[in-house]
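Trainee: In our numbering, the protein residues as written are 46 to 391. In this text, a Cβ means the ideal position worked out from N, Cα and C, and glycines have one as well. Before we start, here is the structure in question, set down as structure tokens.
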Amino acid sequence: MLILLPVFVFGFVGLSEAASCRYPHEKFIGTRCYSFVSKRHPYAAAEEYCHSHGYKLATVDSAITANFLASSAATEFGSNNGQFWIGLSRKKDYTLFFWDDGTSVAYTNFEAGFPNTKDYVAENVRNGRWQTLAQHIELEFVCSYDPLATTTLAPTTTVTTTRIPTTTTVRKTTPTTVTTVTTRKPTTVTTTTTIPPTTTPKACPRGFTLFEATQKCYIVLVYGNDSDYPDVPDDAPFLTRENQRCAKYGATVATVHSSDLNDLFRSLIYDRFNDTRYATIGLRNTDLKTLGGKWQWFDGSATDYLNFGNMFPKTGDYIAQTSSQGFWVTYTHTAPNEGVVCSVDF
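And the structure:
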């Protein structure tokens with residue numbers, strides 16, 4: 046009991062200060078808020094994701110924090126096994142480690158036999174101990190920040206991809222008849238000329254890709270920062286901001302009703318980002334309290350196709366996202382450096 050009491054008290058203090066975090070799903074302990082990201086990324090992409098929110102990969106500066114994160118990760122990530130990235134790394138083998146947020150390394154919690162020759166640190170969900178891994182391994186991860194500090198979002202770089210439409214459809218127009226009447230004295234002559242039908246090529250807007258089965262054109266846009274767009278009410282329906290991005294191109298946030306279309310999204314997302322980054326689709330949760338939620342398409346169409354990954358959807362999440370890996374995850378918002386899949390009618 047003497048061992049558990051300090052942890053309990055510390056956890057209670059953290060919970061009492063949870064309101065200082067930016068989002069309800071984040072957890073406060075010590076002096077930091079922690080955000081658990083149920084998306085698998087290599088180390089550099091996880092770091093970039095945190096930075097895009099104005100956060101850093103998690104700093105773990107005490108045994109209490111390490112145990113707290115491991116316990117919370119088991120719930121947040123839905124498994125008592127596995128690892129997650131934290132913000133400790135080094136530039137090359139056998140040099141000093143450093144925290145992503147610049148905090149001095151005064152506490153470490155490595156497993157026996159670590160660190161090895163790898164340079165990027167992950168924490169074990171089972172026991173809170175650390176291992177060094179290769180940076181290309183894809184893991185879930187935790188971001189952290191000081192809620193009392195002012196943070197600035199990292200600038201968003203927008204990449205423009207132009208696609209040449211692969212399908213051209215010809216639309217026929219009704220023949221036009223022009224009648225010319227010439228009056229002569231003492232007779233009237235009427236001449237009738239028929240103009241041949243004209244053809245107008247039909248194609249997707251620039252940068253969009255046609256999917257024949259739906260007769261819609263699709264594009265993946267970089268989400269960007271909220272400050273780049275007009276404000277929306279705090280109580281606006283989920284996906285309002287994402288649809289706002291699509292509307293800039295005369296499009297709406299896209300729906301998915303088949304595995305073939307989902308495969309197209311995988312390709313478009315990879316072409317846009319060339320990594321495992323996520324893009325938001327037009328599926329939103331309309332019941333945050335029900336276990337697993339109640340998910341509906343933005344346009345009101347039937348939810349006749351779903352492709353959630355293991356442990357998803359999560360209760361309390363707002364939106365659905367997919368990636369070049371194909372399965373869907375759920376989360377509370379779209380990161381500035383992530384994408385939005387948009388569509389227009391062909």
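Can you name the start and end residues of the beta strand (DSSP E) that residue 120 belongs to?
Mentor: The count along the sequence shown starts at 1 and reaches residue 120 at position 75. That residue, residue 120, is in no beta strand (DSSP E); its alpha helix (DSSP H) goes 108-121.
Trainee: By the DSSP assignment, the alpha helix (DSSP H) with residue 90 in it spans what residues?
Mentor: Numbered from 1 along the sequence shown, position 45 holds the residue referred to as residue 90. First-last of the alpha helix (DSSP H) with residue 90: 88-97.
Trainee: Check whether the Cβ atoms of residue 272 and residue 314 lie closer than 9 Å to each other.
Mentor: In the sequence shown, residue 272 corresponds to position 227, counting from 1. In the sequence shown, residue 314 corresponds to position 269, counting from 1. Not a contact, by the Cβ cut-off of 9 Å.
Trainee: State buried or exposed for residue 133, treating a residue as buried only when at least 16 other CB atoms are found within 10 Å of its CB.
Mentor: In the sequence shown, the residue the question calls residue 133 occupies position 88. Buried: at least 16 other Cβ atoms inside 10 Å.
Trainee: Under 9 Å between the Cβ atoms of residue 288 and residue 297?
Mentor: As a position in the sequence shown, residue 288 is number 243, starting the count at 1. As a position in the sequence shown, residue 297 is number 252, starting the count at 1. The answer is yes: Cβ separation under 9 Å.
Trainee: Using C-beta distances below 6 Å, list every residue in its chain close to residue 335, excluding the 5 sequence neighbours before and after it, in chain order.
Mentor: Residue 335 sits at position 290 when you count from the first residue of the sequence shown. If we look at residue 335 and ignore the five residues flanking it on each side, it has no Cβ neighbours.
Trainee: Please confirm whether residue 112 and residue 170 have their CB atoms less than 9 Å apart.
Mentor: As a working mapping, residue 112 is identified with position 67 in the sequence shown. As a working mapping, residue 170 is identified with position 125 in the sequence shown. In this structure, residue 170 does not lie closer than 9 Å to residue 112 by Cβ.
Trainee: Quick one: what's got a C-beta closer than 7 Å to residue 348's C-beta in the same chain, skipping five residues either side?
Mentor: In the sequence shown, counting from the first residue as 1, residue 348 sits at position 303. The residues are 340, 341, 342.
Trainee: What number of angstroms, rounded off, separates the C-alpha of residue 350 from the C-alpha of residue 308?
Mentor: For the purposes of this step, residue 350 is taken as the residue at position 305 of the sequence shown. For the purposes of this step, residue 308 is taken as the residue at position 263 of the sequence shown. Between residue 350 and residue 308, the C-alpha separation is close to 13 Å.
Trainee: If you follow the beta strand (DSSP E) that residue 370 is part of, which residue opens it and which one closes it?
Mentor: Position 325 of the sequence shown, counting from 1, holds the residue named residue 370. Run containing residue 370: none; DSSP gives neither H nor E here.
Trainee: Since I believe residue 131 is in contact with residue 105 (beta carbons under 8 Å), could you give me their beta-carbon distance rounded to a whole number of angstroms?
Mentor: On the sequence shown, residue 105 is found 60 positions in, with the first residue counted as 1. On the sequence shown, residue 131 is found 86 positions in, with the first residue counted as 1. Contact holds; Cβ gap of about 5 Å.
Trainee: Our contact map puts residue 165 next to residue 153 with C-beta atoms below 8 Å; I'd like the distance itself, whole angstroms only.
Mentor: Reading the sequence shown from its first residue, position 120 is the one you call residue 165. Reading the sequence shown from its first residue, position 108 is the one you call residue 153. The Cβ separation is near 14 Å, so there is no contact.
Trainee: Considering Cα atoms alone, identify which of 99, 97, 184, 366 is closest to residue 128.
Mentor: Position 83 of the sequence shown holds residue 128. Out of 99, 97, 184, 366, 184 has the C-alpha closest to the C-alpha of residue 128.
Trainee: Compare the C-alpha of residue 181 against each of 257, 356, 293, 89 and name the closest.
Mentor: Residue mapping note: residue 181 aligns to position 136 of the sequence shown, counting from 1. For the residues 257, 356, 293, 89, the minimum Cα distance to residue 181 belongs to 89.
Trainee: Over the uninterrupted alpha helix (DSSP H) stretch that includes residue 285, give me the two end residues.
Mentor: The residue given as residue 285 occupies position 240 in the sequence shown. Start and end: 285-292.
Trainee: With a threshold of 6 Å on Cβ separation, who are the neighbours of residue 386 within its own chain once the five nearest residues in sequence on each side are excluded?
Mentor: Translated into positions along the sequence shown, residue 386 becomes position 341. Closer than 6 Å at Cβ, skipping near neighbours: 265, 299, 310, 324, 326.
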